[in-house]
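Residue numbers (the working numbering), protein chains in the order written: chain H, 1 to 160; chain F, 1001 to 1160. Glycine included, C-beta positions come from ideal geometry on N, C-alpha and C. To start, the structure under review is shown below, and the notes come after it.
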């Protein structure tokens, strides 16, 4: 398994959908792109900004639930990609695992500083090199960041 | 504490926001109205329709997490209303409690057939009699149901 960092979220302008970018920390620096829901994108962005919501949002509730049960999230694993769908799981401190969507897993991993692991098989199949496969200047450009900000503004407070 | 049933969700046309209606099961039949987020309204509506999503959505993840930990949701309690905000908690099978928003609690209660309890104090403060306090014909009218259907259609599949 390869450890990844959350590179960020970009907006697929064609599909008007958020895309989660995960980058492997090894020298190869490959990236996988995961299309996720708007709400999950918000849940990830809020955690990245360490925004403290006035009330526990759904992913905060999961973190609180685990704490109450004296359990913690050890890692989030993205094991497979099948028909374009990424299959992920939470690994808990008692060794048990629970299937989840990658977006829920990443929203929880950021809140708990848990590592996110992706199988080599997934990277071999879906990994891209952002410098060559993506228009790197566009991905990191101000217009791209502005597009994400615009997107965040379309979300209503009550979506969170 | 008074046991309630989920009467449904209506749309507050002024605020374009979903309102969760909970009705006490006693003879009084009072109702409390809780303004909730669009996503949580979807999570409640999907569970009411027993729609099986192709992948575990966030509240399904919570249910699966509890199962994996050999824990269950005993009840959801709505204890207080403070500054218009309802304060709720999950009560788990080991007796522990976790603070939550009422919308998350109800989304979980429906998925697990757990009772929802509301304190008498909340009903005394916020309870209404739908036959006299609400325009009952409007609340249950076809136009109201159509408004909720329209609202559901504004949600994108990836919101769920």
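If you ignore the 5 residues before and after residue 1032 of chain F, its C-beta comes within less than 7 Å of the C-beta of 1022, 1118, 1122, 1123, 1126, 1127, all in its own chain and listed in chain order. Secondary structure in the stretch 21-59 of chain H: the alpha helix (DSSP H) runs of 4 residues or longer, each lying completely within the stretch, are 38-48 in chain order. Chain order gives the chain F residues near residue 104 of chain H as 1056, 1057, 1058, 1061, where near means a beta carbon separation below 9 Å. With its beta carbon at least 8 Å from every one in chain H, residue 1046 of chain F lies outside the interface. In the DSSP annotation of this structure, residue 12 of chain H is not part of any alpha helix (DSSP H); the continuous beta strand (DSSP E) holding it starts and ends at 2-12. When Cβ-Cβ separations below 8 Å define contact, residue 1074 of chain F makes no contact with chain H. Looking at the DSSP output, residue 1077 of chain F bridges to F:1089, F:1117. In this structure, residue 71 of chain H places its C-beta atom within 8 Å of the C-beta atom of residue 93 of chain H. Sequence-ordered contacts of the stretch 1065-1091 of chain F with chain H read 1065, 1068, 1069, 1071 [C-beta pairs closer than 7 Å]. Burial state of residue 1058 of chain F is buried, judged by a 10 Å Cβ sphere holding 16 or more other Cβ atoms. Under DSSP, the beta-bridge partners assigned to residue 1019 of chain F are F:1010, F:1035.
For the 8 Å CB-CB criterion, residue 1090 of chain F and residue 1069 of chain F do not form a contact. Within the model, the alpha-carbon separation for residue 1039 of chain F versus residue 130 of chain H is close to 33 Å. For residue 1068 of chain F, DSSP assigns no beta-bridge partner whatsoever.
Residues of chain H whose Cβ lies closer than 8 Å to the Cβ of residue 1096 of chain F are, in chain order, 68, 69.
Among the residues of the stretch 107-136 of chain H, none has a Cβ less than 8 Å away from any Cβ of chain F. Excluding residues up to 5 positions away in sequence, 87, 119 lie with their Cβ nearer than 6 Å to the Cβ of residue 79 of chain H in the same chain. Close to residue 1099 of chain F, with beta-carbon spacing below 9 Å, are these residues of chain H in chain order: 55, 56, 61, 64. Residue pairing by DSSP places residue 97 of chain H opposite H:91 in a beta bridge. In this chain, the alpha helix (DSSP H) harbouring residue 1104 of chain F covers 1102-1112. Looking at the DSSP output, residue 1128 of chain F sits in a beta bridge with F:1031.
CA-CA distance, residue 1047 of chain F to residue 1111 of chain F, rounds to 6 Å. Sequence-distant partners of residue 56 of chain H (beyond 5 residues in either direction) whose C-beta falls short of 7 Å from its own C-beta, in its chain, are 64. Rounded to whole angstroms, the Cβ separation of residue 20 of chain H and residue 5 of chain H is 12 Å, and the two are not in contact under 8 Å. For residue 1085 of chain F, the closest alpha carbon among the candidates F:1114, F:1052, F:1009, F:1100 is that of F:1100. Note on geometry: alpha-carbon atoms of residue 7 of chain H and residue 1007 of chain F lie some 43 Å from one another.
With a threshold of 16 other beta carbon atoms within 10 Å, residue 18 of chain H meets it and is buried.
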